[in-house]
Each structure stands twice: as structure tokens, then as C-alpha cells.
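Down below is the structure, laid out as C-alpha cells.
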Ligand SMILES: Nc1ncnc2c1ncn2[C@@H]1O[C@H](COP(=O)(O)OP(=O)(O)OP(=O)(O)O)[C@@H](O)[C@H]1O
Ligand SMILES: [Mg+2]
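Protein chains in written order, with this note's numbering: chain A, 699 to 1105; chain B, 21 to 319.
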């Protein structure tokens, strides 16, 4: 697998500070001197929104920003399209420093490059659904017929065909948010900003919307910045996750990194209650195979197995993974003739699992098997092994409870 | 007498000083009006000609045509036959009791004053909504305009422009414009922040925001302001008649001085009838344009 050359990030934020209030300079000085947010609020009456944020968001990924209420998520996302101006710092999007844009250029930029979905939908109550979806196009001055045509298309895509002449107040929350999503998609902008877009929805509709977003993203390959305070949602959608606390970026990384290696207590508290079995894939917890047997004869195979703990090995040929073989079996066979070929009838029958499987799906097999399960990719290559111990360690007591109930 | 102690009587200003102040202010204002009176008058002369033309138009139009037009407007605005019958009945009664011409005069001045108030008030309200400083400056002025007894600001207007229609219109507009300004400001400020943000996020310019989002969403509130303005203008009609505005106010004024109770009552009732007609028609219209609120259609 050829690792592609590291592309320049689509969005790059460096040294971003935001202080709310009329005169941020003194608060800035205190902040630099290391005073905490609460003290600054008390002494200057200014709220620290963000401090020293550095981020890179790549083209085509879903980047999730997570944090508790008041941690600055909305503040951060509103900097990308400059609904909020930073107190200090640089925001470069696709090579353009958005701070340097004139008012006109900024408007063009917002029209063409970015669109946004809002937590409380932000639909225009005086426009019907179709006009709401077409709002971005209307702002751009696209003709009426063209606007309608494209808005109908996106309304279809989010499953709301036929609702065009309703007004937002006549729709349910989930339907309104679909309108919000269609409106954002309708301008064909390549960056989608979603501020707690699904938080106001009930769990069922919410997971439906998540599925819909994932499906759309597979087709559209947009760059999505998604804000949520829900870790399950973050893990489900995010290619990478950033965690904010009191305006500070405390950790950034792939979902598995965040789950398995929380940077501090705050993150740990966040990830504590998550259902890891449903969030992690086999790939994130598997170990390298303890013993890989490539020999053609039984004697050589025994040679390779010496030194490996556990008394088993995975037999791999040019065609890929073949099966698991035990030291015991090999020793018996060697007594008959060490020069004999290693044949298939010596192999144990254990199920192979895929690196992309969710842990949840492989728990029963892993616990039933007497030996660690081989992790085999689509091409048949042996990628690693999943031991019962590492599974138990990652899942904690929950998996234990589940296994005793299951077997 | 000069020996009175400040304990018993307020240690007030010397009469001579007070007189001096009054004299200087009055003469300064007189000088101002002598110098600029004509210029200001000629500035208002297009308005005057329009006012006269409009009044003549209403008076010259046959009564049944006026009633038909008003009834048609009432129907278009409200789609309610009940309201239309009420309007027609009220106008027939007004005409039957011999108040037709005065009612037409009053209607013409009310309509002109309302249009002027909207033309002045809405832009000021918009500016107030956009700038905190503008709001800080305008709000106390509005408070003064609304609480100052109407007679008091009749004086400088009359000193400047004499007696007649224009000073009347100015007095009525000053009295009636604050609600439009206040409610335009309020309406725009009440527009949901996220809706406005959404508009900005999609690249709307500030004009597009104003005309596409803020004004449409503030419209119900602005309409309420306009409605109040009409009511206040009607209430001002009697006072304006003191400075020569013809219409329903003059007979009322006459009946106060001559103690003609019935004459006063009839004309007063005609003003009330106009007020109710304007109010109901306008409110029905305002309700109809906010259908999108979702609950108005099952009415
Ligand atoms: N317009 C504002 N003026 C002053 N302070 C503000 C403003 N907006 C946000 N803040 C402050 O900035 C901090 C971060 O707010 P922000 O809205 O970004 O939080 P959030 O992470 O989006 O929270 P939530 O999950 O509740 O939406 C908070 O302490 C808040 O009080
Ligand atoms: Mg928020």
C-alpha cells in the first residue's frame, strides 16, 4: 500500500484566540500570563471563548469537534465562515487567509465554499420549504426556475419530496433539520459546517439522520466539520475528533486514539461511559501475530514455533492465511516424519475475523475460541491476532458480564 | 415681600431673570422663524399641494364610489364579509348624519400623515436596530415626543409656519410617529439570531439580510406599530383642528366652546368609527400576511 503524499490541509487554524467583550486586550494579557478563564471573567468581565487553538482539517474527512456545553464549540465553528471574528490568530482555508478577505470577497466565499447546518435549524419562518432550501441560491442570484429545480433535487435526497410548499412551522423537528441539511447541500459548497445539527432530535431520528449523513458523504466526499457533545455520535461519524475544554483543545486524534489513550481526566471522563464494543474495530485492539509459520515441512515449522509462547502459530503461504496449527499436533506429526509436508489436515478450524469488524461483532467468537483469533484482511493477508485478554482489557468488566450471560 | 424666608417659599429665580431667559429664547426663535420660515414653508409646499389635491379628490369623488372603494379595500385586506358590511354601514351612517365632507377631510389627512410616519419612522427604526448608539440617542427623544403635551409643540410649529394644514400635519406626525419607530426597532431586534446567522452564513449581503429576512420577519411587529400610529393620528385630529386643520375635529372644538353636546357626540362617534374601521381592516390584513406562522390558516 503506497502511502499518499501528505496533502496540504483544507482548513488550517493557528494560534486562534477569541475573547468576548468590548476591550479584549487586558483579558488577553491575563490569559497569556496563564490566568484561568474564571479569574479573567471575574477581573475583566470578559469571557474567554477560545485559547490558542491549532488545528488542521483535511480534505474529504469528517472532523468532529466535541466538548461540554460552553467549551467553545460554536465559537470555533463560527470562525471558519467568520460569523465571529477572532481576537487573534490565523484561519487559512484552501490557501486563503479568511481574515484578509474584503466584505465582498467574504460573501462570495460563504456563497461558494461553505454552508452551514444549525442546531436550532435556523430556517426562515416566512419562506416555505422549497424557498428555504433554495435560499443560498437566491442569495447568489440564481434564476427562479433553476433554483426550484435544484432545491427539488435536494429535497428528494433528504426524503422530503412533496413537502415543498409547507412552512417550517408545519414540520416536525426531524423534518426541519432535513430541510436545514438540504439547504446546506443545495449550494454545492465543498465544506459543510454542522453545529450540533442533530442534538435537538430524538434518538431514533437522530441515528437515522446520522446514517443519512454517512450515506451522503460516501457519495459527495465533502469536508465536514461536525460539532456534537455526544461521544457516541462523534465516534460514529468522525474520521478525526478534537476535544475542547474551556476553550482549549485538549486532544485531537482518530476515534480509537481518543478512546484508548485519553489525554487527561477530562477526556477520560468523556469516554468512560461509551460503549467501546460498538465504537472500536478489531484493527484498533489487535496485536501482531505471535507466531507466523511459513515453512513447507513439519520440522521447519516446529523450528519456527520454538520460542513463541502459547504453543500455536498461524500458517501462512503465498496464497495468504491458511489456518492455525498447534505445537502439539506438529510434534506428533514430526514423530512420523519431520520432512513431511505441512498439510491441511493438521490445521485447526478457527474462525478468521476482519480488521474492520466492530468488537461487538466478534466478542462471541473470541470468547469461545481456545486460541487468539487470526485477523485476516480482504486479500487473505494475516494482519494480527485478537486475544481474549486484550479484548477484555479494552472492554473492561462490561464484556465479562456479557460473556457470562451469553455462554 | 422680598423678606420671605426660603423655608416658607421656594427660593425661586428672580422674576426679572426668568423674564430675560424667556425673552431671549422667544426672540431667538422668532428671529429664526423670520429668517427661515419662508424657506421651510417652500420646502413643505409640495406636500401641501399633495394634501390639497388628495382632499379635493376625496371630496369630489361621489360618495357611493368612495364607499365602494373602501369596501373593496376592506375585503381585499380581510376577506371577511362581516367586516365589509360593518364598514359600509358606518360610512352610510356618517353620510346620513351630515358628516361626510368632514370625514373625507379627516381621512385624507390621516392617510397622508400615516404614509409620512411610515416613510420617516421605518428608516429611523431600521437605523436604531442597527446601531446601539442610534438607539441610545433616539429613545429619549421618542419618550419626550410621546409625553410632552401635544399643545406644547403646537406652539413652535405655529410660530414657524402659521396656522394651516402643514403645521397640522407636522404636529400629527410628531405625535404619531414614535410607535412605528419603536416597533420597527423592536421587530428587527427580535428576529431570531440563528435565522439571521443562517442568512449571513449563506453569503447574504447586509441589504439582502435587511430585505430578505429582517424586514419580513419584523413585519407583524411593524404593522402593530403602524396600527398604533393610525390610532394616535386620529386622536390628534381634534387637537390639530385648533391650528386650522379642517375635518371632524373642528365641530368637536366648536361644541366644546358652545356646549353643543350632540354635535360633539356625533362627530366624536364618527372619529371612533373611522378608528375602528382602520384598526379592524389593518389588523385583519396583518393577520393574513403572517399565514406562515402555521396556525393562522384554520381561522
Ligand atoms: N456572544 C457572546 N458573548 C459573550 N460570551 C459568549 C458569547 N457567545 C459565547 N460566549 C461564551 O463563550 C463560551 C463558549 O461558548 P460556545 O457557545 O462556543 O459554547 P458551546 O461549546 O457551543 O456550548 P453549547 O454546547 O452549549 O452550544 C461560553 O463561556 C459562553 O459564555
Ligand atoms: Mg453551541
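Just so you know, even glycine gets a beta-carbon here, dropped at the ideal spot from N, CA and C.
Review point. Can you list, in chain order, the residues of its chain whose CB lies under 7 Å from that of residue 899 (chain A), leaving out five sequence neighbours each side?
Key: So the list reads 871, 872, 875, 907, once near-sequence residues are dropped.
Check your understanding: What is the DSSP secondary structure of residue 30 (chain B), counted as helix, strand or coil?
Key -> Looking at residue 30 (chain B) - three-state DSSP - the assignment turns out to be coil, as it is neither helix nor strand.
Practice item. Taking C-beta pairs closer than 7 Å, name the residues in chain B that residue 752 (chain A) reaches, listed in chain order. Key: Result: empty, since nearest Cβ-Cβ is about 24 Å, beyond 7 Å.
Check your understanding: Between the beta-carbon of residue 134 (chain B) and the beta-carbon of residue 250 (chain B), is there less than 7 Å?
Key -> Yes, the Cβ-Cβ distance between residue 134 (chain B) and residue 250 (chain B) is below 7 Å.
Check your understanding: Would you say the beta carbon of residue 927 (chain A) comes nearer than 6 Å to a heavy atom of ligand 1?
Key -> It does: the Cβ of residue 927 (chain A) is within 6 Å (strictly closer) of some heavy atom of ligand 1.
Check your understanding: Rounded to a whole number of angstroms, what is the C-alpha to C-alpha distance between residue 738 (chain A) and residue 787 (chain A)?
Key -> In this structure, the straight-line span from the alpha carbon of residue 738 (chain A) to that of residue 787 (chain A) is close to 20 Å.
Practice item. Would you tell me roughly how many angstroms separate the C-alpha atoms of residue 91 (chain B) and residue 224 (chain B), rounded to the nearest one? Key: The C-alpha of residue 224 (chain B) is placed about 41 Å away from the C-alpha of residue 91 (chain B).
Check your understanding: Counting only beta-carbon atoms, is residue 715 (chain A) nearer than 7 Å to chain B?
Key -> So, not an interface residue.
Check your understanding: Do residue 1079 (chain A) and residue 984 (chain A) have their C-beta atoms closer together than 7 Å?
Key -> Between residue 1079 (chain A) and residue 984 (chain A), the C-beta spacing is not below 7 Å.
Exercise for review: Could you check which residue in B:119, B:217, B:37, B:27 has the C-alpha nearest to that of residue 287 (chain B)?
Suggested key: Out of B:119, B:217, B:37, B:27, B:119 has the C-alpha closest to the C-alpha of residue 287 (chain B).
Check your understanding: Which residues in chain B sit within 9 Å of residue 814 (chain A), going by Cβ to Cβ distance?
Key -> Result: 217, 218, 221, 222.
Point to revise | residue 764 (chain A) - containing beta strand (DSSP E), residue span | key: Looking at the DSSP string, the run of the beta strand (DSSP E) that includes residue 764 (chain A) is 760 to 765.
**Study point:** Test: residue 75 (chain B) CB closer than 7 Å to a CB of chain A
**Key:** By this cut-off, residue 75 (chain B) is not an interface position.
Check your understanding: In chain order, what residues of the segment 235 to 254 of chain B put their CB closer than 7 Å to some CB of chain A?
Key -> The residues in question are 236, 237.
Check your understanding: With burial defined as no fewer than 16 other Cβ atoms inside 10 Å of the residue's Cβ, what is the status of residue 701 (chain A): buried or exposed?
Key -> Confidence at residue 701 (chain A) is low in this model, with a pLDDT of 44, below 50, so its placement is unreliable and the value that follows should be read with caution. With fewer than 16 other Cβ atoms within 10 Å, it is exposed.
Review point. If you count every other CB in all the chains shown that lies within 10 Å of the CB of residue 722 (chain A), and 16 or more means buried, which is it?
Key: Residue 722 (chain A) is buried by the Cβ-count criterion.
Point to revise | Proximity below 7 Å, CB of residue 926 (chain A) to CB of residue 764 (chain A) | key: Contact: yes.
Point to revise | Contact list for residue 228 (chain B) against chain A, beta-carbon separation under 7 Å | key: By Cβ distance, chain A contributes 837.
Check your understanding: chain A partners of residue 225 (chain B), CB-CB under 7 Å?
Key -> Residues of chain A passing the Cβ test: 805.
Check your understanding: If you measure from the CB of residue 745 (chain A), is any heavy atom of ligand 1 nearer than 6 Å?
Key -> Yes, ligand 1 has a heavy atom inside 6 Å of this Cβ.
Point to revise | Beta carbon of residue 182 (chain B) nearer than 7 Å to that of residue 260 (chain B) | key: Going by C-beta atoms, residue 182 (chain B) is not nearer than 7 Å to residue 260 (chain B).
Review point. When DSSP builds the beta bridges, which residues end up paired with residue 776 (chain A)?
Key: DSSP, once it has assigned bridges, lists no residue as partnering residue 776 (chain A).
**Study point:** Where the beta strand (DSSP E) containing residue 750 (chain A) begins and where it ends
**Key:** The continuous beta strand (DSSP E) containing residue 750 (chain A) extends over residues 745 to 755.
Practice item. Taking only beta-carbon positions, decide if residue 833 (chain A) is within less than 7 Å of chain B. Key: Chain B has a Cβ within less than 7 Å of the Cβ of residue 833 (chain A).
Practice item. Spell out the partners DSSP gives residue 812 (chain A) in its beta bridges. Key: DSSP, once it has assigned bridges, lists A:889 as partnering residue 812 (chain A).
**Study point:** Beta-carbon gap between residue 942 (chain A) and residue 770 (chain A) smaller than 7 Å
**Key:** Yes, the pair counts as a contact, with Cβ atoms nearer than the cut-off.
Check your understanding: In its own chain, which residues sit with a C-beta less than 7 Å from the C-beta of residue 196 (chain B), not counting the 5 before and 5 after it?
Key -> These residues qualify, in order along the chain: 133, 137, 249, 252, 253, 256.
Check your understanding: Residue range of the beta strand (DSSP E) that residue 280 (chain B) falls in?
Key -> Segment: none, residue 280 (chain B) is in no beta strand (DSSP E) and carries neither H nor E.
Review point. Since residue 233 (chain B) meets chain A, which of its residues come closer than 7 Å, beta carbon to beta carbon?
Key: What residue 233 (chain B) touches in chain A: 822.
**Study point:** CA nearest to the CA of residue 826 (chain A), picked from A:811, A:1055, A:868, A:838
**Key:** Out of A:811, A:1055, A:868, A:838, A:868 has the C-alpha closest to the C-alpha of residue 826 (chain A).
Point to revise | Of the listed residues A:965, A:1004, A:964, A:1015, nearest to residue 1028 (chain A) (C-alpha basis) | key: Answer by Cα proximity: A:1004.
Review point. Comparing the CB of residue 718 (chain A) with every heavy atom of ligand 1, is any distance shorter than 6 Å?
Key: Checking every heavy atom of ligand 1 against the Cβ of residue 718 (chain A), one is found closer than 6 Å.
Exercise for review: For chain B, find out if any of its Cβ atoms is closer than 7 Å to the Cβ of residue 935 (chain A); answer yes or no.
Suggested key: When Cβ-Cβ separations below 7 Å define contact, residue 935 (chain A) makes no contact with chain B.
Review point. What does residue 805 (chain A) pair with, by DSSP beta-bridge criteria?
Key: Bridge partners of residue 805 (chain A): none, in fact.
Practice item. Return the residue from the list B:299, B:305, B:289 that minimises the CA-CA distance to residue 114 (chain B). Key: Per the Cα distances, B:289.
Exercise for review: Determine the direct distance from the alpha carbon of residue 245 (chain B) to that of residue 77 (chain B), and round the result to whole angstroms.
Suggested key: Spanning the alpha carbons of residue 77 (chain B) and residue 245 (chain B) requires a straight line of approximately 28 Å.
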